[in-house]
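**Student:**
Numbering (the UniProt record's numbering), first residue to last: 1 to 914.
#1: Can the beta-carbon of residue 175 be found less than 8 Å from the beta-carbon of residue 206?
#2: Smallest Cα separation from residue 761: which of 752, 417, 112?
#3: Rounded to whole angstroms, how far is the Cβ of residue 904 from the Cβ of residue 639, which I believe are closer than 8 Å?
#4: What does residue 513 pair with, by DSSP beta-bridge criteria?
#5: Rounded to whole angstroms, what is the Cα-Cα separation between residue 834 and residue 891?
#6: Can you tell which of 665, 310, 114, 586 has the C-alpha that lies nearest to the C-alpha of residue 686?
#7: Measure the CB-CB distance between residue 919 and residue 120 and report whether it falls below 8 Å.
#8: In terms of residues, what are the limits of the alpha helix (DSSP H) holding residue 38?
#9: Using only CA atoms, which one of 484, 528, 691 lies nearest to residue 582?
#10: What does residue 422 pair with, by DSSP beta-bridge criteria?
#11: Thinking residue 918 and residue 279 are a contact (beta carbons under 8 Å), I'd like their distance in whole angstroms, please.
#12: Leaving out the 5 sequence neighbours to the left and right, which residues in its chain are closer than 6 Å to residue 190 when beta-carbon positions are compared?
#13: Just grab the DSSP bridge partners of residue 846 for me.
#14: Take the Cβ of residue 898 as the centre, count every other Cβ of all protein chains shown within 10 Å, and call the residue buried at 16 or more, exposed below.
#15: Determine the DSSP secondary structure at residue 582, reduced to helix, strand or coil.
#16: Taking the alpha-carbon positions, what's the residue 849 to residue 866 distance?
#17: Measuring CA to CA, which of 589, 840, 89 is closest to residue 645?
#18: For residue 443, count neighbouring Cβ atoms within 10 angstroms of its own Cβ and tell me buried if that reaches 16, exposed if not.
#19: Taking the beta strand (DSSP E) that residue 924 belongs to, which residues open and close that run?
#20: Ends of the beta strand (DSSP E) at residue 832?
#21: In three-state DSSP terms, what is residue 653?
#22: Pick out the complete alpha helix (DSSP H) segments inside the region 685-717, 4 residues or longer, and give them in chain order.
#23: How about residue 263 and residue 232: do their beta carbons lie closer than 8 Å?
#24: Answer yes or no: do residue 308 and residue 270 have a C-beta to C-beta separation smaller than 8 Å?
#25: Beta-carbon separation of residue 544 and residue 518 under 8 Å?
#26: Relative to the C-alpha of residue 459, which residue among 485, 829, 702 is closest?
#27: Residue 173 and residue 201 - do their beta-carbons sit closer together than 8 Å?
#28: Which residue from 186, 378, 456 puts its Cα closest to that of residue 922?
#29: List the endpoints of the continuous beta strand (DSSP E) containing residue 796.
#30: Please classify residue 655: is it buried, with 16 or more other beta-carbons within 10 angstroms of its beta-carbon, or exposed?
#31: Looking at the unbroken beta strand (DSSP E) that takes in residue 529, where does it start and where does it end?
#32: Straight-line CA distance for residue 51 to residue 89?
#33: Could you name the residues of the same chain whose beta carbon sits closer than 6 Å to that of residue 445, not counting the 5 residues immediately before and after it, in chain order?
#34: Tell me which residue opens and which closes the beta strand (DSSP E) that residue 372 is part of.
#35: What are the partner residues of residue 417, as DSSP defines its beta bridges?
#36: With a Cβ-Cβ cutoff of 8 Å, do residue 346 and residue 368 count as a contact?
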């Protein structure tokens with residue numbers, strides 16, 4: 001091992017040349033173990049470059065080294081006794097004057113360090129210190145920690161892990177430190193146990209015009225003592241350029257502080273102290289983050305702070321105490337503070353404020369603050385500009401105490417519009433007032449337009465309400481007659497001039513009665529009279545109500561009953577108010593789509609299934625072994641539109657597979673019998689339009705599994721007698737057919753269009769048994785050996801059992817659904833030759849029923865129906881494409897529909913008879 005240190009004095013030009021030629025002394029990696037004995041001190045300590053103090057560092061290598069420092073386990077260590085233990089001044093994993101000091105490891109496990117610890121250190125003008133690692137346990141340190149320290153170079157990818165130790169209360173910790181024009185990216189500092197209450201901790205620190213990206217600090221008490229630190233910063237830039245062309249940024253940095261930790265100072269996800277750089281990024285993934293759980297913080301908290309813009313930063317705090325203000329993002333000078341977020345859950349900041357975005361000279365736009373779960377704060381501000389506008393910010397408060405005011409947006413000499421404040425539940429206490437927009441300069445700028453107050457099941461009091469254009473009320477589920485929702489404690493009534501109001505009631509809430517009155521605000525003026533207001537309760541009920549100023553308050557009244565025949569009222573005059581929501585018809589569209597899809601399965605059996613079973617039996621009879629049971633298989637894919645009053649588009653496939661057998665009865669009448677398994681799967685979209693309501697689009701899928709039996713009898717001697725000899729399998733004369741099917745069909749339905757201002761998806765999953773049967777007669781006329789016409793009539797019946805489905809907390813009851821149809825048609829077949837037999841056909845189909853009856857809350861839904869007429873066109877061909885291979889056959893068919901059922905389908909069957 002080489003333990004000689006050589007000092008070389010060179011010019012700046014020589015340093016740059018050395019760097020360009022990669023001539024740093026890093027060819028020989030070293031492993032140094034230092035136990036602090038006098039022998040170790042004599043052989044392993046070297047003078048620092050300042051030629052004053054003795055430190056540990058590899059003399060011959062600046063990269064890829066490993067240095068381990070520990071107390072000699074044979075000694076009783078006393079940090080004041082240097083007779084047996086000699087503490088080094090500094091510990092340096094890799095030291096270089098120019099070039100690289102990277103990929104080094106410093107392991108401290110016991111012992112004492114008089115000054116600093118470096119994973120890698122550049123002691124010159126140009127160099128990089130990347131990917132160094134420092135691990136600390138049970139060590140005493142008087143100085144600072146550096147994962148990597150570079151001058152005019154990068155300090156990237158360094159990592160410091162502190163398990164435990166005794167440190168100066170002013171110790172500074174730097175994952176990466178660049179002192180001039182270099183980046184500090186992707187550094188990590190992890191602290192498990194340390195008491196350094198006045199410390200400063202940086203994931204990455206750049207002093208001049210570098211970037212600080214992706215640095216992370218994680219602090220948690222996992223050691224023998226409670227962790228206590230001072231200021232914590234994920235990524236820090238001292239200077240980020242004086243113009244947009246030279247500006248750099250601090251983005252993607254994070255600070256995570258976990259349980260049983262105390263921070264005495266401030267916390268920043270990313271900070272830029274001067275220049276015009278941006279703290280944050282173009283989206284939330286690029287923003288800086290602060291995440292705190294179960295900790296105490298004595299100073300302010302910033303997701304990102306900069307003289308330039310502060311964008312897309314996120315602060316998330318849970319079950320913690322914060323003694324100063326909280327900011328998602330803060331721009332101290334020329335930039336905007338926008339798209340920042342703050343989430344507080346169980347956080348106490350009772351004497352300070354929380355602000356989504358704060359801008360000094362720029363605008364505050366689209367910031368968001370959420371306060372919940374027994375949190376407290378003085379004031380809550382979505383976005384604030386001290387010299388600009390505040391637009392489209394939002395505040396949401398649930399189960400919290402606010403001792404001051406709530407602001408959607410605060411401007412100064414500019415507009416504050418399109419801000420949103422949401423108050424949820426009855427556990428919100430607000431001592432001050434609630435503002436949609438507020439102009440701190442008291443000018444005439446717009447602080448009203450587009451500001452929205454959402455009151456979701458809110459009950460409570462406040463001093464006043466100001467500058468909201470829109471009020472969205474979701475009445476509490478336990479609302480009753482003569483309730484009051486908002487009590488105004490201040491002297492000024494709420495001015496409701498030029499405001500608009502929407503009202504809804506949760507679907508699991510109380511039902512309202514005729515003439516029930518609810519006071520929305522007990523002290524108001526200029527409330528607009530709304531003589532006809534529809535109030536939606538969940539998916540199914542609409543109340544006809546009026547909203548007006550009555551005496552000192554703004555009052556909602558249920559004025560009439562529309563559905564008097566089946567609304568659950570009694571004869572005492574205490575009648576339930578409300579009528580069915582016409583848009584709820586959309587829920588029945590999923591059921592009607594399933595019924596139509598099952599009808600397609602019935603058509604497959606009656607049309608292709610029985611013909612395929614008969615053909616299979618005849619082909620088996622031609623074989624020498626004369627098989628008794630023959631397999632058959634049919635499948636059909638289709639895309640159809642069912643006009644139901646609106647319409648449902650159904651795409652899918654139906655198939656059946658089974659075994660068939662044939663025999664003759666008296667007078668050689670041919671009988672075919674078969675049993676089959678059937679399956680189908682489809683997807684559908686439903687569309688409902690209404691004269692006075694918005695349309696509803698729903699979608700879902702359906703599938704069925706079942707089985708059944710089929711049969712056909714061909715009556716011998718009933719044909720025209722024009723052909724002396726028919727081909728095997730060619731029908732002639734009168735026939736009759738029938739089938740029976742049963743199984744289970746599952747359907748799901750989903751729409752986002754029915755619920756009102758409460759929003760959300762309305763969906764159900766259903767499952768019901770189905771049954772079906774059909775019977776028919778036909779007559780085949782063979783005019784010669786090549787041309788024939790089949791004329792037929794069929795009756796088809798399908799039933800789906802009744803069921804009750806859950807839509808959230810609503811229950812919707814579907815009655816039995818029946819389809820009853822007749823089909824009359826004809827098919828012309830021409831045997832061009834033995835290999836090619838095309839056919840065409842037309843049919844008329846009439847549905848007698850097909851109506852879906854459903855009801856919810858004893859109110860009947862509007863009924864979609866399949867009832868009506870459809871025309872059917874079909875064409876196909878049976879082929880034996882290779883004349884020399886008699887056993888191979890291909891059947892292709894297609895259908896088109898007009899009228900009540902529109903669309904088409906087709907099938908392909910390839911068969912090789914062994």
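Virtual Cβ for every residue (Gly too), placed ideally from N, Cα, C.
Remember, it's a predicted structure, so these values are computed and weren't measured experimentally.
**Tutor:** Judging by the given coordinates:
#1: For the purposes of this step, residue 175 is taken as residue 175 along the chain shown, with counting starting at 1. For the purposes of this step, residue 206 is taken as residue 206 along the chain shown, with counting starting at 1. No, they are not a contact pair.
#2: For the purposes of this step, residue 761 is taken as the residue at position 761 of the chain shown. Residue 752 is the option with its Cα nearest to residue 761.
#3: Looking up residue 904 in the chain shown gives position 904. Looking up residue 639 in the chain shown gives position 639. That pair is a contact at about 7 Å.
#4: Here residue 513 refers to the residue found at position 513 of the chain shown. The partner list for residue 513 (beta bridge, DSSP) reads 576.
#5: The residue labelled residue 834 in the question sits at position 834 within the chain shown. The residue labelled residue 891 in the question sits at position 891 within the chain shown. About 13 Å.
#6: Within the chain shown, residue 686 is the residue found at index 686, counting from 1. Comparing alpha-carbon positions, the option among 665, 310, 114, 586 lying closest to residue 686 turns out to be 586.
#7: This structure gives no information on residue 919, because the portion of the chain shown stretches from 1 to 914.
#8: If you number the chain shown from 1, residue 38 lands on position 38. First-last of the alpha helix (DSSP H) with residue 38: 38-44.
#9: Sequence index remark: in the chain shown, residue 582 carries index 582 (1-based). Closest option to residue 582, Cα to Cα, is 691.
#10: On the chain shown, residue 422 is found 422 positions in, with the first residue counted as 1. Paired residue(s): 396, 454.
#11: Only positions 1 to 914 of the chain appear in the structure, and residue 918 is not among them; the question remains open.
#12: Walking along the chain shown from the start, residue 190 turns up at place 190. Cβ within range, chain order: 161, 218.
#13: On the chain shown, residue 846 is found 846 positions in, with the first residue counted as 1. Note: residue 846 sits in a beta bridge opposite 822, 869.
#14: Locating residue 898 in the chain shown gives position 898, counting from the first residue. Residue 898 should be labelled exposed.
#15: Working through the chain shown from its first residue, we reach residue 582 at position 582. Residue 582: helix per DSSP, three-state reduction.
#16: For the purposes of this step, residue 849 is taken as residue 849 along the chain shown, with counting starting at 1. For the purposes of this step, residue 866 is taken as residue 866 along the chain shown, with counting starting at 1. The alpha-carbon atoms of residue 849 and residue 866 are separated by roughly 7 Å.
#17: The residue given as residue 645 occupies position 645 in the chain shown. Measuring from the Cα of residue 645, the nearest candidate turns out to be 589.
#18: Your numbering for residue 443 matches position 443 in the chain shown. Under this definition residue 443 is an exposed residue.
#19: Lying before the first or after the last residue shown, residue 924 is absent from the chain, which here runs from 1 to 914.
#20: Along the chain shown, read from residue 1 onward, the residue named residue 832 stands at position 832. First-last for residue 832: undefined, no H or E at that position.
#21: For the purposes of this step, residue 653 is identified with residue 653 of the chain shown, where counting begins at 1. In this structure, residue 653 counts as strand in the three-state DSSP scheme.
#22: none
#23: Start at 1 with the first residue of the chain shown, and residue 263 comes out as number 263. Start at 1 with the first residue of the chain shown, and residue 232 comes out as number 232. Result yes, Cβ atoms of residue 263 and residue 232 sit closer than 8 Å.
#24: One-based indexing of the chain shown puts residue 308 at position 308. One-based indexing of the chain shown puts residue 270 at position 270. No; because the gap between Cβ atoms is not below 8 Å, this pair is not in contact.
#25: The sequence position of residue 544 within the chain shown is 544, counting from 1. The sequence position of residue 518 within the chain shown is 518, counting from 1. Not a contact, by the Cβ cut-off of 8 Å.
#26: Counting from one through the chain shown, the residue named residue 459 turns up at place 459. For residue 459, the nearest C-alpha among the options comes from 485.
#27: Here residue 201 refers to the residue found at position 201 when the chain shown is read from its first residue. Here residue 173 refers to the residue found at position 173 when the chain shown is read from its first residue. Taking 8 Å as the Cβ cut-off, residue 201 and residue 173 qualify as a contacting pair.
#28: Any answer about residue 922 is impossible in this case: the structure gives the chain only from 1 up to 914.
#29: The residue labelled residue 796 in the question sits at position 796 within the chain shown. Unbroken beta strand (DSSP E) run through residue 796: 787-800.
#30: Position 655 of the chain shown holds residue 655. When all chains shown are included, residue 655 counts as buried.
#31: Along the chain shown, one-based indexing puts residue 529 at 529. Per DSSP, residue 529 belongs to no beta strand (DSSP E) and is neither H nor E.
#32: Numbered from 1 along the chain shown, position 51 holds the residue referred to as residue 51. Numbered from 1 along the chain shown, position 89 holds the residue referred to as residue 89. Approximately 12 Å between the Cα atoms of the pair.
#33: Residue mapping note: residue 445 aligns to position 445 of the chain shown, counting from 1. Only residues of its own chain outside the window of five on either side were considered, and among them 414, 415, 439 have a CB closer than 6 Å to the CB of residue 445, listed in chain order.
#34: The residue you call residue 372 lines up with position 372 of the chain shown. Unbroken beta strand (DSSP E) run through residue 372: 368-372.
#35: Within the chain shown, residue 417 is the residue found at index 417, counting from 1. In the DSSP output, where bridge partners are listed per residue, residue 417 has none listed.
#36: As a first step, residue 346 must be located in the chain shown, where it is residue number 346. As a first step, residue 368 must be located in the chain shown, where it is residue number 368. No.
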